[in-house]
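Numbering (the working numbering), first residue to last: 1 to 552.
Idealized CB from N, CA, C, for every residue including glycine.
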């Protein structure tokens, strides 16, 4: 909706600024001086005199019963001369009154067919374009006409020179002499006509160029005129469209809170209703804008709006089918369902909302809200999940151990990255997807420390009876005293294996996650306690030895 309104505003700024002219202003021809008018009057008088002469000759030929061919030639000359007289009189009338005859006598036909009705709808646009380009088009037309009559003047002069030469060589009283005199009169008349046209067109062209503003002036004045007239209509239309859209959406939100259809888990009916209201709000907003143009009588902006709507309707014939899958997903009938769980870019998300822009959430991530257009969600799929499933293996301030042997505290985890604070103060940053691939072990939920310790074979007799208990009692005493009883879950000491040079014991100590930051301290403490027990009991701690047997 916002893009449509902005597009309409931008289009009107580009076009309306140049088209914002008063349609009641009638363009007039530039003023012609009295000298030019006198020349036009002289030319018209000569043409009328020549017309009377031709008519007299035609009447005389009829009385003398001339041949049909001669009569037809004289009639054609009379018709051409009559057209010339009408043209010169029209020029004199236009030059004297300052108004073209076509502008006064022009009529508009009533539309009768569908095509004519459509043309009538877009006529304000074409009229505005015509008015915006009237000056340059008039100058171009005058230049073409002036060039044409100047070329005709050159042809007339060439023809006159040739006829004058032939007339000087012709015998007096011959038929050729008479015809050449007629030709001379014809080309003299045409010279007067061409000269009259060249002068009038030159004067009109000079006046038109002087009165036509420059391109920058036309644009600036057009924009100013647009804001004085159609700019206010456009702002009112945009305000009306936004107000209608806002009121419908706001009212529907209040209705949804009270509607039994929208309570509990949303089904197909509520989603279809939501989609219908969204489309209805856009349609009524556009209708409100068009009605503003209609009520204020701004036919240009109304025509632009109608043409835009017709274009959208026509394009929807091919544009709507690809969006059927999107509509199906919005109605919660696609591969992604609201309230289910999906994985996007390696991260699990809960589907919170399905609309033209779908919303996903991961409650364990900072800024864990994701908004995607519906077309990008089409390739995904979701599933139902159990409430016990974790949304992320760690939380902020959890201590973790990764498969690359990184050990530290999670200080930041977002959809883009996870930052681990290592012992000593250094920070290691992982892209979130790469962090999950490291199979993080969350120590803050509880952990086990496993330590191996060996004693000498000399104590083999008590290795399975006395030694494990002594080690366990000493370790429990030291660990509980160091880390408190609630953080030490259990301590076990068992004979693990009989090694090559020692009896090896496995010490398994389980702790609460509250002391996850002391893993290395615990490991060292266990080793120290075991050494102290051996010192107290007099048990030997073996070391690696090599025994060499010498044969006899």
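Return the residue from the list 307, 67, 385, 408 that minimises the CA-CA distance to residue 395. If you number the chain shown from 1, residue 395 lands on position 395. Among 307, 67, 385, 408, the Cα nearest to that of residue 395 is on 408.
How should residue 231 be labelled, buried or exposed, when 16 other C-beta atoms within 10 angstroms of its C-beta is the threshold for buried? Locating residue 231 in the chain shown gives position 231, counting from the first residue. Answer is buried; the Cβ neighbour count reaches 16.
What number of angstroms, rounded off, separates the C-alpha of residue 475 from the C-alpha of residue 445? Numbered from 1 along the chain shown, position 475 holds the residue referred to as residue 475. Numbered from 1 along the chain shown, position 445 holds the residue referred to as residue 445. Roughly 22 Å separates the two Cα atoms.
Is DSSP giving residue 136 helix, strand or coil here? Translated into positions along the chain shown, residue 136 becomes position 136. Helix at residue 136.
Pick helix, strand or coil for residue 538, following the three-state DSSP scheme. Stepping through the chain shown from its first residue, residue 538 is reached at position 538. The answer is coil: DSSP assigns residue 538 none of H, G, I, E or B.
Between 528, 402, 423, which has its C-alpha nearest residue 434's C-alpha? For this step, residue 434 is matched to residue 434 along the chain shown. Answer by Cα proximity: 402.
Which one of 520, 503, 168, 373 has the shortest CA to CA distance from residue 424? Along the chain shown, read from residue 1 onward, the residue named residue 424 stands at position 424. Considering only alpha carbons, the answer is 520.
Under the assumption that residue 490 contacts residue 510 (Cβ atoms under 8 Å), give the Cβ distance between them as a whole number of angstroms. On the chain shown, position 490 is the one that residue 490 refers to. On the chain shown, position 510 is the one that residue 510 refers to. The Cβ separation is near 5 Å, so the contact holds.
Which stretch, first to last residue, makes up the beta strand (DSSP E) that contains residue 417? Counting from one through the chain shown, the residue named residue 417 turns up at place 417. Where residue 417 is concerned, the enclosing beta strand (DSSP E) stretches over 417-422.
Going straight from the alpha carbon of residue 151 to that of residue 315, what length do you get? Sequence index remark: in the chain shown, residue 151 carries index 151 (1-based). Sequence index remark: in the chain shown, residue 315 carries index 315 (1-based). Distance between the alpha carbons of residue 151 and residue 315: 51 Å.
When the Cα atoms are used, what is the spatial distance from residue 426 to residue 483? Residue numbering aside, residue 426 sits at position 426 when the chain shown is read from its first letter. Residue numbering aside, residue 483 sits at position 483 when the chain shown is read from its first letter. Each residue's alpha carbon lies about 26 Å from the other.
Please look up how many angstroms separate the CB atoms of residue 200 and residue 40, rounded, as I've assumed it's under 8 Å. Sequence index remark: in the chain shown, residue 200 carries index 200 (1-based). Sequence index remark: in the chain shown, residue 40 carries index 40 (1-based). Between residue 40 and residue 200 the Cβ distance is about 7 Å, and since that is below 8 Å, they are a contact.
Among the residues of its own chain, which have a CB less than 7 Å from the CB of residue 487, if the five just before and after it don't count? By one-based count along the chain shown, residue 487 stands at place 487. So the list reads 511, 512, 514, 515, once near-sequence residues are dropped.
Can you list, in chain order, the residues of its chain whose CB lies under 8 Å from that of residue 191, leaving out five sequence neighbours each side? By 1-based counting over the chain shown, the position of residue 191 is 191. Correct list, in chain order: 153, 156, 157, 160.
Where do the N-terminal and C-terminal ends of the beta strand (DSSP E) with residue 579 fall, by residue? No answer is possible for residue 579: the residues shown for the chain start at 1 and end at 552.
Does the Cβ of residue 432 have 16 or more other Cβ atoms within 10 Å, making it buried, or fewer, making it exposed? Numbered from 1 along the chain shown, position 432 holds the residue referred to as residue 432. By the neighbour-count rule (16 or more Cβ atoms within 10 Å), residue 432 is buried.
Quick check on the DSSP output: the alpha helix (DSSP H) that includes residue 325 runs from which residue to which? Against the chain shown, residue 325 aligns to sequence position 325. Taken as a continuous stretch (DSSP letters only), the alpha helix (DSSP H) holding residue 325 covers 324-330.
Between the CA atoms of residue 380 and residue 277 - distance to the nearest angstrom: Along the chain shown, read from residue 1 onward, the residue named residue 277 stands at position 277. Along the chain shown, read from residue 1 onward, the residue named residue 380 stands at position 380. If you take the alpha carbons of residue 277 and residue 380, they lie about 27 Å apart.
Measure from the alpha carbon of residue 370 to the alpha carbon of each residue in 470, 351, 382, 387, then state which is nearest. Here residue 370 corresponds to residue number 370 of the chain shown, with the count starting at 1. Ranking 470, 351, 382, 387 by Cα distance to residue 370 puts 351 first.
For residue 415 versus residue 365, is the C-beta distance shorter than 8 Å? Locating residue 415 in the chain shown gives position 415, where the first residue counts as 1. Locating residue 365 in the chain shown gives position 365, where the first residue counts as 1. If you check the CB distance, residue 415 and residue 365 come in under 8 Å.
In the DSSP output, which residue or residues are listed as bridge partners for residue 358? What you label residue 358 is simply residue 358 of the chain shown in a count that begins at 1. 372.
For residue 400, which residues does DSSP report across the bridge? The count along the chain shown starts at 1 and reaches residue 400 at position 400. Residue 400 is bridged to 408, 442.
Residue range of the unbroken beta strand (DSSP E) whose run includes residue 456: The count along the chain shown starts at 1 and reaches residue 456 at position 456. Looking at the DSSP string, residue 456 is not in any beta strand (DSSP E), and its letter there is neither H nor E.
With H, G and I counted as helix, E and B as strand and the rest as coil, what does DSSP make of residue 483? The residue labelled residue 483 in the question sits at position 483 within the chain shown. In the structure shown, residue 483 sits in a helix (DSSP, three-state: H, G or I).
Unbroken beta strand (DSSP E) run spanning residue 254, endpoints: Position 254 of the chain shown, counting from 1, holds the residue named residue 254. Following the DSSP letters along the chain, one finds residue 254 in no beta strand (DSSP E) but inside the alpha helix (DSSP H) bounded by residues 230-258.
Less than 8 Å between the C-beta atoms of residue 326 and residue 374, yes or no? Along the chain shown, one-based indexing puts residue 326 at 326. Along the chain shown, one-based indexing puts residue 374 at 374. In this structure, residue 374 lies closer than 8 Å to residue 326 by Cβ.
For the segment 247-257 against the segment 299-316, are there 3 or more C-beta pairs whose distance is under 8 Å? Fewer than three Cβ pairs drawn from the segment 247-257 and the segment 299-316 lie within less than 8 Å of each other, which leaves the two stretches out of contact.
Is residue 59 helix, strand or coil when you go by DSSP? Numbered from 1 along the chain shown, position 59 holds the residue referred to as residue 59. Three-state DSSP puts residue 59 in a helix.
For residue 367, collect the residues of the same chain with a Cβ closer than 6 Å to its Cβ; drop the 5 residues on either side in sequence, then sort them by chain order. Translated into the one-based positions of the chain shown, residue 367 becomes position 367. Hits under 6 Å: 414.
Spatially closest choice to residue 246 from 209, 286, 234, by CA coordinates: To locate residue 246, count along the chain shown from 1; it is residue 246. Here the closest residue by C-alpha is 286.
DSSP three-state call for residue 448: helix, strand or coil? On the chain shown, residue 448 is found 448 positions in, with the first residue counted as 1. It is a strand residue.
When you compare the CB positions of residue 443 and residue 391, do they come within less than 8 Å of one another, or not? In the chain shown, counting from the first residue as 1, residue 443 sits at position 443. In the chain shown, counting from the first residue as 1, residue 391 sits at position 391. Taking 8 Å as the Cβ cut-off, residue 443 and residue 391 do not qualify as a contacting pair.
So, residue 507 versus residue 451, is the Cβ gap smaller than 8 Å? Along the chain shown, one-based indexing puts residue 507 at 507. Along the chain shown, one-based indexing puts residue 451 at 451. Yes, these two residues count as a Cβ contact at 8 Å.
So, for residue 109: in the same chain, excluding its five sequence neighbours on each side, which residues have a beta-carbon less than 7 Å away from its beta-carbon? Reading the chain shown from its first residue, position 109 is the one you call residue 109. Residue placement at residue 109 is poorly supported in this model, since its pLDDT is 48, which falls under 50; the coordinates are not used for a value here.
Just the Cα atoms here: how many angstroms apart are residue 518 and residue 499? Sequence index remark: in the chain shown, residue 518 carries index 518 (1-based). Sequence index remark: in the chain shown, residue 499 carries index 499 (1-based). So the alpha carbons of these two residues sit roughly 30 Å apart.
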